[in-house]
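Working notes, structure below.
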Amino acid sequence: MADAFRQKFDPAIWQVVTQISPGSVLSYGQVAALAGFPRHARMVSKAMGRSPEALPWHRVVSANNRLAFDQGSESYIEQASLLKQEGITFKDGRLQVQDQTESDRESLDRMLWGPLKD
DNA sequence: CCCTTGACTATCT
DNA sequence: GAGATAGCCAAGG
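Just so you know, the first sequence maps onto residues 1 to 118 in this note's numbering.
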C-alpha cells in the first residue's frame with residue numbers, strides 16, 4: 001500500500017513535534033531528522049495534518065526562521081498568534097527566537113536516544 | 001510510467 | 001536581502 005511509509009513516518013513525526021517545548025521551535029528539517037527521516041522536511045507538514053491528536057504544529061517553522069506560510073494568509077496569522085502567546089516575537093516577519101532551539105534539540109536527543117557518551 | 005505539487009533547504013547571483 | 005536554481009522525496013493525476 002501507499003501508506004506503508006506513513007505508518008512509520010507519521011507517528012515518528014508526531015512524537016517529535018509533541019516534544020517541542022513551549023516558546024521554542026524546530027525547523028521542518030530538524031523534526032524530520034530527529035524522527036529518523038533525514039531529507040524528509042517536505043513530508044513533515046503532511047504528517048502533522050494527518051495527526052488524530054492536536055499537535056503544537058505552530059512550533060514547526062522554516063529553517064530560515066520564518067513561517068512557511070505567506071504573510072497575511074489565514075494560517076500565517078494563526079501560527080504567528082499562537083507563537084506570540086508563547087512569548088515568541090517577530091521582527092519584520094522574522095522569527096525572533098534566541099538559540100533556545102539548540103538546547104531544545106539536545107534535550108530531544110537525550111530523550112529519544114538516551115545520554116550520549118563523550 | 002511521466003509529470004506536477006508541496007506548511008522544505010542549501011547555495012549562488 | 002531578494003531571486004533563481006537545483007536538490008530533495010512521497011503522493012496523486
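No residue lacks a Cβ here, since even glycine has one placed at the ideal position from N, Cα and C.
Span separating the alpha-carbon of V25 from that of E74: Sequence index remark: in the first sequence, residue 25 carries index 25 (1-based). Sequence index remark: in the first sequence, residue 74 carries index 74 (1-based). Straight-line Cα distance between these residues: approximately 20 Å.
According to DSSP, which residues form a beta bridge with L95? Numbered from 1 along the first sequence, position 95 holds the residue referred to as residue 95. L95 pairs with F90.
Report the rounded CA-to-CA distance for L116 versus G72, giving the unit in angstroms. Start at 1 with the first residue of the first sequence, and residue 116 comes out as number 116. Start at 1 with the first residue of the first sequence, and residue 72 comes out as number 72. At L116, the pLDDT of 45 sits below 50, so the modelled position is not reliable; the number obtained from the coordinates is stated separately. Each residue's Cα considered, the two are about 43 Å apart.
Between the C-alpha atoms of I88 and V44, what's the straight-line distance to the nearest angstrom? Here residue 88 corresponds to residue number 88 of the first sequence, with the count starting at 1. Here residue 44 corresponds to residue number 44 of the first sequence, with the count starting at 1. Roughly 22 Å separates the two Cα atoms.
Excluding five sequence neighbours on each side, which residues of the same chain lie with their C-beta closer than 6 Å to the C-beta of R59? Here residue 59 corresponds to residue number 59 of the first sequence, with the count starting at 1. So the qualifying residues of the chain are I20 and V25.
Rounded to a whole number of angstroms, what is the C-alpha to C-alpha distance between Q79 and L67? For this step, residue 79 is matched to residue 79 along the first sequence. For this step, residue 67 is matched to residue 67 along the first sequence. Each residue's Cα considered, the two are about 8 Å apart.
Is it buried or exposed, F37, if we count other Cβ atoms within 10 angstroms and call 16 or more buried? Position 37 of the first sequence, counted from the start, is the residue given in the question as residue 37. Buried, since its Cβ has 16 or more Cβ neighbours within 10 Å.
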